[in-house]
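Per the numbering used here, residue 22 is the first one in the sequence shown, and the count goes up by one each step. For every residue, glycine included, the Cβ atom is placed at its ideal position computed from N, Cα and C. Written out below as structure tokens is the structure these notes cover.
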Amino acid sequence: MPRAVVLHPDPVLRTVAVPVARFDEALARLAEEMLDTMYAAPGRGLAAPQVGVSQRLFVMDATWKDGPRRPCVFVNPEIVAGEGRVTGPEACLSIPGRTVQVERDASVTVRWQDLGGAAHEARFDGFEAICIQHETDHLDGVLCIDREAEA
Ligand SMILES: [Zn+2]
Numbered sequence: 022m023p024r025a026v027v028l029h030p031d032p033v034l035r036t037v038a039v040p041v042a043r044f045d046e047a048l049a050r051l052a053e054e055m056l057d058t059m060y061a062a063p064g065r066g067l068a069a070p071q072v073g074v075s076q077r078l079f080v081m082d083a084t085w086k087d088g089p090r091r092p093c094v095f096v097n098p099e100i101v102a103g104e105g106r107v108t109g110p111e112a113c114l115s116i117p118g119r120t121v122q123v124e125r126d127a128s129v130t131v132r133w134q135d136l137g138g139a140a141h142e143a144r145f146d147g148f149e150a151i152c153i154q155h156e157t158d159h160l161d162g163v164l165c166i167d168r169e170a171e172a
């Protein structure tokens, strides 16, 4: 079931989220509900604080609007390296109707855990790299409007 998306300026969006410690049924259910919420919105990324849960996880499906669904869940994500710079438009489900230009790393190397707690590391570029940086920001209480580039 989709959950309600928390809107700016709700304080949960400004709270640094705590690491996920328990990889249990409740976590799997939360991730499922976050994916439902993301697809219903519709969006391509959603962080737990956006459904009022101050824990370090986000969901992403960068390509479902153009093809089959490919749901991804990132638990306790950490961006360990970035390369290149790119500026582009970003929107946020928590800030409806607003698009801002944001400068980001063009590619990022990310470490995260899956729903079973297993560790992963991979490099992402293109839209996925931008989305991962946007969603990881949410876990630190940072919004894209904070990073709006100088016109
Ligand atoms: Zn957002």
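Cβ of residue i within 7 Å of Cβ of residue j?
i	j	result
Phe44	Gly105	no
Pro98	Val131	yes
Val80	Val41	no
Asp158	Val37	no
Val123	Cys152	no
Met59	Leu48	no
Pro89	Leu56	no
Under a three-way DSSP split, which group does residue i fall into?
i	result
Pro70	helix
Pro32	helix
Arg22	The sequence given here has Met at residue 22, not Arg. Coil, per DSSP.
Glu99	strand
Ala143	strand
Thr120	strand
Arg125	strand
Phe79	strand
Thr84	coil
Arg50	helix
Beta-carbon within less than 8 Å of residue i's beta-carbon, same chain only, minus the 5 sequence neighbours each way: which residues are those?
i	result
Val27	Val33, Leu34, Pro70, Gln71, Val72, Gly73, Ser115
Is residue i near ligand 1, going by C-beta to nearest heavy atom under 6 Å?
i	result
Cys93	no
Cys113	yes
Less than 6 Å between C-beta atoms, sequence neighbours within five positions excluded: which residues of the same chain meet that for residue i?
i	result
Ile150	The sequence as given places Ala at residue 150; Ile does not occur at that position. Only Ser128, Val129 meet the Cβ criterion.
Phe148	Ala83
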